[in-house]
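Asks: Structure provided below as structure tokens; questions to follow.
Protein chains: 2
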Amino acid sequence: MDLSSIEIFLAVASDRSVTKAAKAVGRVPSNVTTRIQQLEEDLGACLFSRDGKKMTLTREGETFLAYANRLMALALEARQAVRPLAPSGTLRVGTMESTAASRLPAPLTQFNQMWPDVSLHLTMGASRDLARDVLADVLDCALIARPPKTMREEDLDFDAELKALEMETVFVEDLLIVLPSGHPAIKSAADLRVGSLAALEPGCTYRRIAENWARTSSSLPTTEHGSYHAILASVATGNTAGVMPRSVLDLMHWPTAVQTHQLGPVETLLVYRKDDCPSAFSAFHEVLGATKGRDVRLAAN
Amino acid sequence: MDLSSIEIFLAVASDRSVTKAAKAVGRVPSNVTTRIQQLEEDLGACLFSRDGKKMTLTREGETFLAYANRLMALALEARQAVRPLAPSGTLRVGTMESTAASRLPAPLTQFNQMWPDVSLHLTMGASRDLARDVLADVLDCALIARPPKTMREEDLDFDAELKALEMETVFVEDLLIVLPSGHPAIKSAADLRVGSLAALEPGCTYRRIAENWARTSSSLPTTEHGSYHAILASVATGNTAGVMPRSVLDLMHWPTAVQTHQLGPVETLLVYRKDDCPSAFSAFHEVLGATKGRDVRLAAN
DNA sequence: GCTTTAATTCTGGAAAAGAGATTTTCATTG
DNA sequence: CAATGAAAATCTCTTTTCCAGAATTAAAGC
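Given below as structure tokens:
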């Protein structure tokens with residue numbers, strides 16, 4: 001029983017899907033299947049019941065889930081406990097609006113409990129600006145969206161900035177176009193029946209991905225909003241299509257099932273300067289790494 | 001950080017020696033060294049201070065030790081919790097006198113706490129008899145000494161019986177000849193200056209190993225004793241040499257440092273019938289496996 | 001009934017682990 | 001103080017395990 005198997009198990013348990021879990025932990029589905037089977041054999045118990053293509057936890061799986069969370073939490077605590085110098089001071093973290101909303105609450109809470117001496121400064125912004133701020137030492141690290149390859153080739157400046165930084169994938173977002181209710185299903189941007197795209201500020205990578213996609217067939221104006229809540233409200237009025245990752249949409253229990261279109265997966269990167277590694281940053285890095293594949297519901301230690 | 005690294009760490013921490021730990025966990029010393037170094041790099045902290053050839057835990061090592069014990073205990077608990085059917089009924093365990101004295105107290109206590117519904121019957125005896133009893137279904141399993149290859153070739157009956165059973169190494173004992181105080185150091189049986197060997201019953205594998213060793217040069221009579229305490233008392237009288245594993249000798253805080261001679265390592269096997277696997281046995285098997293490399297002091301969970 | 005999507009199985013290549021030999025280091029001893 | 005012995009570390013080679021991608025199978029949706 002090794003801890004990486006448990007991380008994989010947690011991802012499958014929380015997503016109830018091998019494919020999604022594989023993305024979450026950055027592996028290939030066949031590998032996830034194998035590791036789960038190994039774990040089951042090792043424990044001598046069936047953890048999931050495979051009725052059709054759904055993976056649902058069995059009774060034993062549920063009890064193991066509790067232990068799995070405790071084990072991960074304990075392992076993380078052990079790591080932090082042996083840290084030679086306890087982190088303190090200030091840590092300046094930049095993040096996209098979406099990541100702050102959907103991914104950070106759990107790890108930030110945990111980090112804050114573990115290291116109350118660190119004062120954590122959170123800055124929200126667009127990926128480009130955040131990357132620049134990290135380079136300029138205005139931020140210690142940032143969570144930004146990795147632009148797809150075609151976009152990187154168009155924006156060599158940004159690409160060069162990224163290359164100057166250390167980076168690491170921590171989440172994978174499923175970027176969506178959110179359509180007004182009643183809008184017919186779409187296969188491409190040409191099928192859009194709205195007057196505009198609703199997105200955040202111009203530097204936002206998600207916005208630029210959506211604009212690139214829309215540009216291929218039609219030429220829609222983009223209306224700028226201050227928050228994802230504002231975007232969704234706009235979409236509800238019926239004449240605009242919103243841009244946001246699925247994880248954010250999932251947070252806002254929307255009354256009816258919304259029509260969405262997938263723009264594909266977009267990686268969220270943790271970027272930081274190559275040279276400097278303040279103690280508070282490595283602690284943050286570690287907490288983020290330990291939390292990434294896991295359920296938002298944290299285990300009672 | 002995987003649990004096998006932690007098992008290795010616990011062994012090194014408890015033995016304060018790479019070589020001994022390697023024997024305890026059934027690996028080669030170079031491997032233990034590497035795994036400890038990996039663990040240290042992974043944690044970003046020094047766990048041991050290598051002053052000379054002693055491995056002493058550092059401050060960080062001490063704090064990690066506590067977590068390591070908790071992690072192992074939690075992992076074991078998780079295993080047991082997902083066991084589909086809670087074990088109950090009776091489990092008949094055979095064991096050598098020496099194993100019962102030095103190795104079993106910790107796992108038996110743990111097993112008893114975990115599965116109070118299982119009534120555990122412990123039978124003491126010589127390896128040969130125990131193996132036979134397992135075959136005859138008088139016992140569910142037994143802890144016996146594996147005779148060295150030369151002895152197995154002389155005793156084909158016993159060898160055949162062993163082959164009919166499932167077996168697994170759980171401990172490695174350092175078999176000793178214990179000499180009276182004042183006896184000169186010996187290099188072989190020819191240097192013995194005593195009138196007899198003190199051992200347990202004739203079927204005892206340790207006794208037979210010692211007799212084989214003594215036979216090569218001299219021909220000493222063996223006097224039979226009922227317990228290791230009796231053997232040690234006999235040795236103290238001055239005219240006999242005792243046979244016992246180091247782990248047993250270590251238990252009996254003897255007034256003065258005794259003169260000993262090593263007869264070499266002898267594996268302790270857990271043997272059981274190939275076919276039948278009562279639930280209580282697999283639980284016992286698991287507890288034994290989890291405890292084998294560890295310190296006797298159990299962790300508070 | 002065909003298409004789509006998800007899980008599993010299979011297979012080849014890459015990475016990691018383990019064993020044994022060698023070297024280094026330190027304590028012990030003559 | 002040099003020689004010896006024992007224990008840890010290093011190195012190299014073999015074996016095992018792990019992982020990605022392709023092929024396969026099975027179920028759900030249209």
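Chains as they are written, first to last, in full-length UniProt numbering: chain A, 1 to 301; chain B, 1 to 301. Glycine included, C-beta positions come from ideal geometry on N, C-alpha and C.
#1: Could you check which residue in A:Ser17, A:Arg246 and A:Ala100 has the C-alpha nearest to that of residue 310 of chain A?
#2: Do leucine 165 of chain B and leucine 270 of chain B have their C-beta atoms within less than 7 Å of each other?
#3: Have a look at arginine 132 of chain B and glutamate 161 of chain B and give me their C-alpha separation to the nearest angstrom.
#4: Taking the alpha carbon of aspartate 137 of chain A as the point to measure from, which residue in A:Asn112, A:Arg152, A:Arg92 and A:Arg103 has its own alpha carbon closest?
#5: Whole-angstrom Cβ separation of cysteine 204 of chain A and serine 127 of chain A, contact assumed at under 8 Å?
#6: According to a CB-to-CB cut-off of less than 7 Å, which residues of the stretch 52–64 of chain B neighbour chain A?
#7: Residues of the stretch 71–85 of chain A in Cβ contact with chain B at a cutoff of 8 Å, in chain order, please.
#8: When you compare the CB of tyrosine 228 of chain B with every CB in chain A, is at least one pair closer than 7 Å?
#9: In chain order, what are the residue ranges of uninterrupted alpha helix (DSSP H) at least 4 long that sit wholly in the stretch 179–233 of chain A?
#10: Can you tell me whether DSSP reads residue 343 of chain A as helix, strand or coil?
#11: Let me know if serine 49 of chain B comes out buried or exposed under the rule of 16 or more other beta-carbons within 10 Å of its beta-carbon.
#12: Could you compute how far the alpha carbon of alanine 299 of chain A sits from the alpha carbon of threonine 260 of chain B?
#13: Whose Cβ in chain A lies nearer than 8 Å to the Cβ of aspartate 2 of chain B?
#14: Can alanine 21 of chain A and valine 32 of chain A be called in contact, C-beta distance under 7 Å?
#15: Assuming serine 196 of chain A and threonine 223 of chain A make a contact with CB atoms under 8 Å, what is their CB distance in whole Å?
#16: Using a threshold of 7 Å, state whether the C-beta atoms of valine 82 of chain A and leucine 43 of chain B are closer than that.
#17: Looking at the secondary structure, which residues open and close the beta strand (DSSP E) in which leucine 120 of chain B lies?
#18: Are glycine 89 of chain A and alanine 280 of chain A closer than 7 Å when you measure CB to CB?
#19: So for arginine 50 of chain B, helix, strand or coil by DSSP?
#20: Please decide whether leucine 43 of chain A counts as near chain B, where near means a Cβ-Cβ distance under 7 Å.
#21: Quick check on methionine 1 of chain A: does DSSP put it in helix, strand or coil?
#22: Give the DSSP bridge partners of glycine 264 of chain B, in chain order.
#23: Could one say the Cβ of tyrosine 272 of chain B lies closer than 7 Å to chain A's Cβ atoms, at least one of them?
#24: Ignore the nearest five residues each way along the sequence and tell me which others in leucine 220 of chain B's own chain have a CB closer than 6 Å to its CB.
#25: How do the stretch 148–163 of chain B and the stretch 232–239 of chain B stand: do at least 3 beta-carbon pairs fall below 8 Å, yes or no?
#26: Report the start-end ranges of each alpha helix (DSSP H) in the stretch 76–130 of chain B that is 4 residues or longer and not cut off at the edges.
#27: Taking only beta carbons into account, state which residues of the stretch 193–208 of chain A come closer than 8 Å to chain B, listed in chain order.
#28: Who are the Cβ neighbours of glutamine 110 of chain A in its own chain at under 6 Å, not counting the five residues just before and after it?
#29: Report buried or exposed for lysine 23 of chain A, applying the criterion of at least 16 other Cβ atoms within 10 angstroms of its Cβ.
#30: Hey, quick one: how far does the alpha helix (DSSP H) through alanine 145 of chain A stretch, first residue to last?
#31: Taking the alpha carbon of threonine 19 of chain A as the point to measure from, which residue in A:Glu97, A:Asp174, A:Asp140 and A:Gln38 has its own alpha carbon closest?
#32: Determine contact between the stretch 94–110 of chain B and the stretch 60–68 of chain B, defined as no fewer than three beta-carbon pairs at a distance below 8 Å.
#33: Specify the secondary structure class of arginine 70 of chain A as computed by DSSP and reduced to three states.
#34: Does the beta carbon of arginine 35 of chain B sit closer than 7 Å to a beta carbon anywhere in chain A?
Replies: Well, looking at it:
#1: Outside the shown range of chain A (1 to 301) lies residue 310 of chain A, about which nothing can therefore be said.
#2: If you number the second sequence from 1, residue 165 of chain B lands on position 165. If you number the second sequence from 1, residue 270 of chain B lands on position 270. Cβ distance not < 7 Å, so leucine 165 of chain B and leucine 270 of chain B don't count as in contact.
#3: As a working mapping, residue 132 of chain B is identified with position 132 in the second sequence. As a working mapping, residue 161 of chain B is identified with position 161 in the second sequence. Per the coordinates, the alpha-carbon of arginine 132 of chain B lies some 7 Å from the alpha-carbon of glutamate 161 of chain B.
#4: On the first sequence, position 137 is the one that residue 137 of chain A refers to. Comparing Cα positions, the closest option is A:Arg92.
#5: Translated into positions along the first sequence, residue 204 of chain A becomes position 204. Translated into positions along the first sequence, residue 127 of chain A becomes position 127. Right, their Cβ atoms sit about 7 Å apart.
#6: Residues passing the 7 Å Cβ filter: Glu60, Thr63 and Phe64.
#7: Those residues of the stretch 71–85 of chain A that come within reach of chain B (Cβ to Cβ, closer than 8 Å) are Leu71, Leu74, Ala75, Glu77, Ala78, Arg79, Ala81, Val82, Arg83 and Pro84.
#8: Here residue 228 of chain B refers to the residue found at position 228 when the second sequence is read from its first residue. So, not an interface residue.
#9: Entirely contained in the stretch 179–233 of chain A, the alpha helix (DSSP H) runs reaching 4 residues are, in chain order, 205–215.
#10: Nothing about residue 343 of chain A can be reported from this structure: the residues present for chain A run from 1 to 301 only.
#11: Residue 49 of chain B sits at position 49 when you count from the first residue of the second sequence. By the 10 Å Cβ count, serine 49 of chain B comes out exposed.
#12: To locate residue 299 of chain A, count along the first sequence from 1; it is residue 299. To locate residue 260 of chain B, count along the second sequence from 1; it is residue 260. Low confidence applies to alanine 299 of chain A: its pLDDT is 36, below 50, so where it sits in the model is not reliable enough to give any reading.
#13: Here residue 2 of chain B is taken as the residue at index 2 of the second sequence, counted from 1. Neighbours of aspartate 2 of chain B in chain A, taken as residues whose beta carbon is under 8 Å from its own, are Asp2, Leu3 and Ser4 in chain order.
#14: Locating residue 21 of chain A in the first sequence gives position 21, where the first residue counts as 1. Locating residue 32 of chain A in the first sequence gives position 32, where the first residue counts as 1. Closer than 7 Å, so yes.
#15: Numbered from 1 along the first sequence, position 196 holds the residue referred to as residue 196 of chain A. Numbered from 1 along the first sequence, position 223 holds the residue referred to as residue 223 of chain A. The pair is a contact, with the Cβ atoms about 5 Å apart (cut-off 8 Å).
#16: Along the first sequence, one-based indexing puts residue 82 of chain A at 82. Along the second sequence, one-based indexing puts residue 43 of chain B at 43. The answer is yes: Cβ separation under 7 Å.
#17: As a working mapping, residue 120 of chain B is identified with position 120 in the second sequence. Start and end: 118–124.
#18: Taking the first sequence and counting its residues from 1, one reaches residue 89 of chain A at position 89. Taking the first sequence and counting its residues from 1, one reaches residue 280 of chain A at position 280. Their beta carbons are under 7 Å apart, which means glycine 89 of chain A touches alanine 280 of chain A by this criterion.
#19: If you number the second sequence from 1, residue 50 of chain B lands on position 50. Strand.
#20: Along the first sequence, one-based indexing puts residue 43 of chain A at 43. For leucine 43 of chain A, at least one C-beta of chain B is nearer than 7 Å to its own C-beta.
#21: Here residue 1 of chain A refers to the residue found at position 1 when the first sequence is read from its first residue. Coil.
#22: One-based indexing of the second sequence puts residue 264 of chain B at position 264. Beta-bridge pairing links glycine 264 of chain B to B:Leu175.
#23: Here residue 272 of chain B is taken as the residue at index 272 of the second sequence, counted from 1. Residue contact check for tyrosine 272 of chain B against chain A: no CB pair falls below 7 Å.
#24: Within the second sequence, residue 220 of chain B is the residue found at index 220, counting from 1. Closer than 6 Å at the Cβ level, and outside the excluded window around leucine 220 of chain B, lie Ser196, Leu197 and Ala214.
#25: With the cut-off at 8 Å, the stretch 148–163 of chain B and the stretch 232–239 of chain B do not touch.
#26: Qualifying alpha helix (DSSP H) stretches, in chain order: 97–102 and 105–114.
#27: Of all residues in the stretch 193–208 of chain A, none comes within less than 8 Å of chain B when Cβ atoms are compared.
#28: By one-based count along the first sequence, residue 110 of chain A stands at place 110. Once the five neighbours on either side are set aside, the close Cβ partners of glutamine 110 of chain A are Val287.
#29: Here residue 23 of chain A corresponds to residue number 23 of the first sequence, with the count starting at 1. By the neighbour-count criterion, in which 16 or more other beta carbons inside 10 Å mark a residue as buried, lysine 23 of chain A falls on the buried side.
#30: As a first step, residue 145 of chain A is located in the first sequence; it is residue number 145 there, counting from the start. Counting along the chain, alanine 145 of chain A falls outside any alpha helix (DSSP H), though it belongs to the beta strand (DSSP E) covering 141–145.
#31: Residue 19 of chain A sits at position 19 when you count from the first residue of the first sequence. Minimum Cα distance to threonine 19 of chain A is reached at A:Asp174.
#32: Under the three-pair Cβ rule at 8 Å, the stretch 94–110 of chain B does not count as touching the stretch 60–68 of chain B.
#33: Taking the first residue of the first sequence as 1, we reach residue 70 of chain A at position 70. DSSP places arginine 70 of chain A in the helix class (H, G or I) of the three-state scheme.
#34: Numbered from 1 along the second sequence, position 35 holds the residue referred to as residue 35 of chain B. Arginine 35 of chain B does not count as touching chain A.
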